[in-house]
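Some notes on the structure that comes next.
In my numbering, the protein residues as written are 33 to 214.
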């Protein structure tokens, strides 16, 4: 599937995991070329079936395997991200995606393949679309400093209306209410 961005979740150190199992996992990461891997260390949780399984992997072994897993996953993710440099991507601008947006004078959002993209600041709002050329790649994000175009959207209009008429957020069954009130 050309141009697909495939991610995965991986837990290391689950009871019964062997060194051979880890090596197979690392081989799968290298072969599958995941654009991102969400990685976790197994730890015993009281009351769970896994907590009483035989062949618990010692914490120090789990930690070592995790470091190795992370190194391979990040190496592959970075290589896959570097393939994006020079490409033009469409980015849905989001609110609060980039922790450093204010300091870097960038906006952040997600490309069609769900990669996090930091875009040069232009006059757009969260919910609007930006077309930009990727100029830099990191393992977990892209930077697109060359903005080629921007499109205002109804989602951006809704965000702007919400900013113009701030109201106290309502609550429905413990979940925030989302939408524009007129």
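Even for Gly, the Cβ is constructed at its ideal location relative to N, Cα and C.
Taking 8 Å as the cut-off, decide whether the C-beta atoms of residue i and residue j are in contact.
| i | j | result |
| --- | --- | --- |
| residue 87 | residue 45 | no |
| residue 143 | residue 121 | yes |
| residue 135 | residue 150 | no |
| residue 155 | residue 185 | no |
| residue 70 | residue 39 | yes |
| residue 73 | residue 60 | no |
By how many angstroms is the C-alpha of residue j removed from the C-alpha of residue i?
| i | j | result |
| --- | --- | --- |
| residue 99 | residue 123 | 32 Å |
| residue 36 | residue 68 | 12 Å |
| residue 198 | residue 181 | 29 Å |
| residue 164 | residue 66 | 23 Å |
| residue 140 | residue 168 | 14 Å |
| residue 188 | residue 196 | 12 Å |
| residue 127 | residue 175 | 17 Å |
| residue 102 | residue 34 | 25 Å |
| residue 54 | residue 63 | 14 Å |
| residue 91 | residue 75 | 8 Å |
| residue 218 | residue 57 | In the structure as shown, the chain begins at 33 and stops at 214. Residue 218 is therefore absent and cannot be evaluated. |
| residue 129 | residue 148 | 8 Å |
Below 7 Å, is the gap between the Cβ of residue i and the nearest heavy atom of the ligand FMN?
| i | result |
| --- | --- |
| residue 78 | Because no ligand of any kind appears in the structure shown, any question about the ligand FMN cannot be addressed here. |
Looking at the secondary structure, which residues open and close the alpha helix (DSSP H) in which residue i lies?
| i | result |
| --- | --- |
| residue 35 | Run containing residue 35: none; DSSP gives neither H nor E here. |
| residue 82 | Segment: none, residue 82 is in no alpha helix (DSSP H) and carries neither H nor E. |
| residue 153 | Where residue 153 is concerned, there is no enclosing alpha helix (DSSP H), given that its DSSP letter is neither H nor E. |
| residue 227 | Absent from the structure is residue 227, since the part of the chain shown begins at 33 and ends at 214. |
| residue 186 | 186–196 |
Beta strand (DSSP E) containing residue i: first to last residue?
| i | result |
| --- | --- |
| residue 178 | 178–183 |
| residue 165 | 161–165 |
| residue 73 | 68–73 |
Problem set entry | Those runs of the alpha helix (DSSP H) which lie wholly inside the region 113–138 and span at least 4 residues | For the region 113–138, whole alpha helix (DSSP H) runs of length 4 or above, ordered along the chain, are 133–136.
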